[in-house]
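One structure below.
Protein chains in written order, with the working numbering: chain A, 1 to 505; chain B, 506 to 660.
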């Protein structure tokens, strides 16, 4: 059955749909505003007339291409194509500015591929075991994991801890706007009906990055800007064997973070790239190099976000629970073809399941080939003068933001967050904690309230669960350690200033 | 304006925003909940926002810097792009995506093009792109992905 399934994709038609899916995915992923979610949603009707395997293969190919494609604009435009590539901008942009855009793209593409391969291996060999473990996660555990993920922002706050913390708190607060998921209370709607649905992630991200970028260009102008084509020199994937060996721990750790976060419903690539980046920075011997254009950051971000794809397919295929919006739509695709994912899927449709695994693997290889072959094209297209490129990108952002929910309010949201993003940039407030807070806010709130309902308002119950208790104790230890480190750094800095002052006197 | 001053104004706005949200949060009802309701997190988070933003404001006042605000960032440039975006969004529905985007693209390109590139040829290119891109984008999304963008006058 397994062999039959694995071989079932080796025909012209399926291969063609996989290639089409990957290419559309890369296009949607690389254009800010158009995400893999939108790509899958728009292409879902195309799969109705296909065989179940071809339809699902195309959707998964689109998911793979879309997640990886985000790195292209993240590196070349400073605007992440998808929420999964936010952390790629931190080191990808400085590398591109140093004339190493080709290397940054090559490394990003290679580790997107490796991250996906890791998740395919996990999906094939340990999916049922992992899914059973994930089933043990209730509100206490979800709350604990999300709080832990949030504390990792310590390494992303830059030199000013207060501004970093404020950014994270602002992100969570903005995620609370609208009608509460539990209880139905109206929060911060200020009489506006449109605010009842709250702010959506895509418009917020488009605002903070794309709209803020055009406002920056408007404010600073482009006088004296060098309009030469970005350098695209690259040998192989831009990484030496020695560098590859040196990055193996970062790669494995980021892949495991991606798979682990991908499995948990509601938390996906948008979180995993930031968490993996933070952990890589914290564990690095040279944390000061992060943000200045080192490949470690790109590797952490791109390995983890693509590893989340396989992670999110694990609960989908084994339990019938979609982990994010894309897998929710793939679930819709499976259901339309009369396939019910769940524990019995491997017995009832084993050939199809192995066919999906095989399609996933082929899509990953196609993604690697197409993106690598396209590096020069991406660089050329995105090297167009900024005064032409930026307005067109903004136009596509409007299409993507409007097209997801066909709602004008989402475009206004993007504009509001664009203005906010511009001022955050101007006054050195880091944006990454805000995005992480915005992504995790609803999951933290819902699980906190649910947990308190279960425990009759006893917060200590969160510590009595073995998994949640361990994670929360670990979180407290991380917070104390980070605060101590920050205090020592501030103390050393003030002492240095004092010494300099005395020296001058 | 010195950077200190601009920074303090920004930090003060963050305090005001926090205070506004904190006051608004006090009016949120618990909702149909058995334990903590939908008001718990907004009250907690807006309170934390207010406290951290006040600390940030005080820290900013203490921290003296002689650095000037980035001189290359012109308020007029920022405002003209912002006003253009607001106008674009206002006319998007009544005029439709294609017509509104044509106007937006041309004006936005005109606003940010460097002075040394302001030639008749460049303006000609802007006109071609401003007409061609919205039509092409609208056509692709309507015919390939069945996504109809606001039609406005072209309905």
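The C-beta atom is built at its ideal place from N, Cα and C for all residues, glycine as well.
Practice item. Leaving aside the five residues before and after residue 86(A) along the sequence, list all residues of the same chain whose C-beta is less than 7 Å from its C-beta, in chain order. Key: As a first step, residue 86(A) must be located in the first chain, where it is residue number 86. For residue 86(A), where only same-chain residues beyond five positions count, the Cβ hits under 7 Å are 80, 273, 274, 432, 435.
Mind listing the chain A neighbours of residue 623(B)? Cutoff is C-beta to C-beta under 9 Å, in chain order. If you number the second chain from 1, residue 623(B) lands on position 118. Here the premise fails: no neighbours, minimum Cβ distance about 10 Å.
Taking Cβ positions only, does residue 509(B) come closer than 8 Å to chain A? Taking the second chain and counting its residues from 1, one reaches residue 509(B) at position 4. By this cut-off, residue 509(B) is not an interface position.
*asked:* Assuming contact is defined by CB atoms lying nearer than 8 Å, are residue 457(A) and residue 139(A) in contact in what I supplied?
replied: Here residue 457(A) refers to the residue found at position 457 of the first chain. Here residue 139(A) refers to the residue found at position 139 of the first chain. No, these two residues do not count as a Cβ contact at 8 Å.
*Cβ pair residue 362(A), residue 311(A) closer than 8 Å*: On the first chain, residue 362(A) is found 362 positions in, with the first residue counted as 1. On the first chain, residue 311(A) is found 311 positions in, with the first residue counted as 1. Not in contact: residue 362(A) and residue 311(A) (Cβ atoms no closer than 8 Å).
Worksheet item: Listed from N- to C-terminal order along the chain, which residues in the region 379–406 of chain A have their beta-carbon within a distance smaller than 9 Å of any beta-carbon of chain B?
Response: 385, 386, 387, 388, 390, 391, 392, 394, 395, 396, 398, 399, 402, 403, 406
* Asked: Got a sec? Which residues, its chain only, sit under 6 Å from residue 429(A) by beta carbon, not counting five neighbours each side?
  -> Here residue 429(A) refers to the residue found at position 429 of the first chain. So the qualifying residues of the chain are 163, 167.
**Request:** Compare the C-beta of residue 78(A) against all C-beta atoms of chain B and say whether one is closer than 8 Å.
**Result:** Stepping through the first chain from its first residue, residue 78(A) is reached at position 78. So no, residue 78(A) is outside the interface.
Taking 6 Å as the limit between beta carbons, can you name the residues of its chain near residue 480(A), skipping five residues before and five after? Taking the first chain and counting its residues from 1, one reaches residue 480(A) at position 480. Result list for residue 480(A): empty, nothing under 6 Å.
**Prompt:** How would you list, in chain order, the residues of chain A whose beta-carbon sits under 9 Å from the beta-carbon of residue 648(B)?
**Reply:** Residue 648(B) sits at position 143 when you count from the first residue of the second chain. Neighbours of residue 648(B) on chain A: none; closest Cβ ~12 Å, over 9 Å.
* In the DSSP assignment, what are the bridge partners of residue 179(A)? -> Numbered from its first residue, the first chain carries residue 179(A) at position 179. In the DSSP output, where bridge partners are listed per residue, residue 179(A) has 186(A).
For this session: Would you mind sorting residue 19(A) into buried or exposed? The rule is 16 or more other CB atoms within 10 Å of its CB.
Result: Along the first chain, one-based indexing puts residue 19(A) at 19. Counting Cβ neighbours within 10 Å, residue 19(A) comes out buried, since at least 16 surround it.
Review point. DSSP on residue 29(A), reduced to helix/strand/coil?
Key: Here residue 29(A) refers to the residue found at position 29 when the first chain is read from its first residue. Residue state, collapsed to three classes: helix.
(request) Report back the beta-carbon spacing between residue 35(A) and residue 82(A) to the nearest angstrom; my notes put them in contact at under 8 Å. (result) For the purposes of this step, residue 35(A) is taken as residue 35 along the first chain, with counting starting at 1. For the purposes of this step, residue 82(A) is taken as residue 82 along the first chain, with counting starting at 1. Indeed they touch by this definition, with Cβ atoms about 5 Å apart.
Residue 541(B), DSSP secondary structure in three states: Working through the second chain from its first residue, we reach residue 541(B) at position 36. Three-state result, residue 541(B): coil.
Discussion item. Looking at residue 383(A): is its Cβ nearer than 8 Å to the Cβ of residue 141(A)?
Written reply: Your numbering for residue 383(A) matches position 383 in the first chain. Your numbering for residue 141(A) matches position 141 in the first chain. No; because the gap between Cβ atoms is not below 8 Å, this pair is not in contact.
### Message
Counting only beta-carbon separations shorter than 8 Å, does residue 504(A) have a partner in chain B?
### Response
For this step, residue 504(A) is matched to residue 504 along the first chain. With a pLDDT of 45 at residue 504(A), under the threshold of 50, the modelled position of that residue is not reliable, and the figure given next carries that caveat. Output row for residue 504(A): interface = no.
- request: Could you run through the region 577–589 of chain B and flag, in chain order, every residue whose CB is less than 7 Å away from some CB of chain A?
  value: 577, 578, 579, 582, 583, 585, 586, 587
- residue 98(A) burial status per 10 Å Cβ neighbour count (16 or more: buried): As a position in the first chain, residue 98(A) is number 98, starting the count at 1. Burial call: exposed.
Would you call the region 542–559 of chain B and the region 594–605 of chain B in contact, with 3 or more CB pairs under 8 Å?
no
Comparing alpha-carbon positions, which option in 487(A), 27(A), 250(A), 8(A) lies nearest residue 378(A)?
-> Taking the first chain and counting its residues from 1, the one referred to as residue 378(A) is at position 378. Answer by Cα proximity: 27(A).
Subject >> Nearest-angstrom Cα separation, counted from residue 153(A) out to residue 251(A) >> reply: As a first step, residue 251(A) is located in the first chain; it is residue number 251 there, counting from the start. As a first step, residue 153(A) is located in the first chain; it is residue number 153 there, counting from the start. Cα to Cα, residue 251(A) sits roughly 20 Å from residue 153(A).
*asked:* Taking the alpha-carbon of residue 60(A) as reference, which of 469(A), 426(A), 389(A), 316(A) has the nearest alpha-carbon?
replied: Position 60 of the first chain, counted from the first residue, corresponds to residue 60(A). Taking only the C-alpha atoms, the option nearest residue 60(A) is 316(A).
### Query
Within the chosen definition, does the region 105–121 of chain A reach the region 286–306 of chain A through at least 3 CB pairs nearer than 8 Å?
yes
Residue range of the unbroken alpha helix (DSSP H) whose run includes residue 247(A): By one-based count along the first chain, residue 247(A) stands at place 247. First-last for residue 247(A): undefined, no H or E at that position.
Alpha carbon to alpha carbon, what distance is there between residue 616(B) and residue 238(A)?
Along the first chain, read from residue 1 onward, the residue named residue 238(A) stands at position 238. Along the second chain, read from residue 1 onward, the residue named residue 616(B) stands at position 111. Using only the alpha carbons, I get a separation of about 38 Å.
Worksheet item: Between the region 157–184 of chain A and chain B, which residues of the former have CB atoms less than 7 Å from a CB of the latter, in chain order?
Response: 162, 163, 165, 166, 169, 170, 172, 173, 176, 180, 182, 183, 184
On the CB-based measure, 16 or more other CB atoms within 10 Å of its CB, does residue 292(A) come out buried or exposed? Locating residue 292(A) in the first chain gives position 292, counting from the first residue. Counting Cβ neighbours within 10 Å, residue 292(A) comes out exposed, since fewer than 16 surround it.
Inset, instruction - Check whether the Cβ atoms of residue 62(A) and residue 39(A) lie closer than 8 Å to each other. - result: On the first chain, residue 62(A) is found 62 positions in, with the first residue counted as 1. On the first chain, residue 39(A) is found 39 positions in, with the first residue counted as 1. Yes, Cβ-Cβ distance for residue 62(A) and residue 39(A) is below 8 Å.
Next on the checklist: Taking the straight line between their C-alpha atoms, what separation do you get for residue 636(B) and residue 133(A)?
Outcome noted: As a working note, residue 636(B) is residue 131 in the second chain. As a working note, residue 133(A) is residue 133 in the first chain. For residue 636(B) and residue 133(A), the distance between alpha carbons rounds to 56 Å.
*Spatial neighbours of residue 552(B) in its chain, beta-carbon cut-off 7 Å, leaving aside the 5 residues before and after*: What you label residue 552(B) is simply residue 47 of the second chain in a count that begins at 1. The residues are 527.
Legend entry - CB contact flag (residue 107(A), residue 298(A), <8 Å): Here residue 107(A) is taken as the residue at index 107 of the first chain, counted from 1. Here residue 298(A) is taken as the residue at index 298 of the first chain, counted from 1. Contact flag set, yes.
### Query
Cα separation between residue 584(B) and residue 420(A)?
In the second chain, the residue the question calls residue 584(B) occupies position 79. In the first chain, the residue the question calls residue 420(A) occupies position 420. Computed Cα separation, rounded: 14 Å.
Can you tell me which of the three DSSP states residue 292(A) falls into?
As a working mapping, residue 292(A) is identified with position 292 in the first chain. Coil, per DSSP.
**Prompt:** Would residue 591(B) be called buried (16 or more neighbouring beta carbons within 10 Å of its own) or exposed?
**Reply:** Within the second chain, numbered from 1, the residue matching residue 591(B) stands at position 86. With fewer than 16 other Cβ atoms within 10 Å, it is exposed.
Span separating the alpha-carbon of residue 593(B) from that of residue 564(B):
If you number the second chain from 1, residue 593(B) lands on position 88. If you number the second chain from 1, residue 564(B) lands on position 59. Going from the Cα of residue 593(B) to the Cα of residue 564(B) covers about 39 Å.
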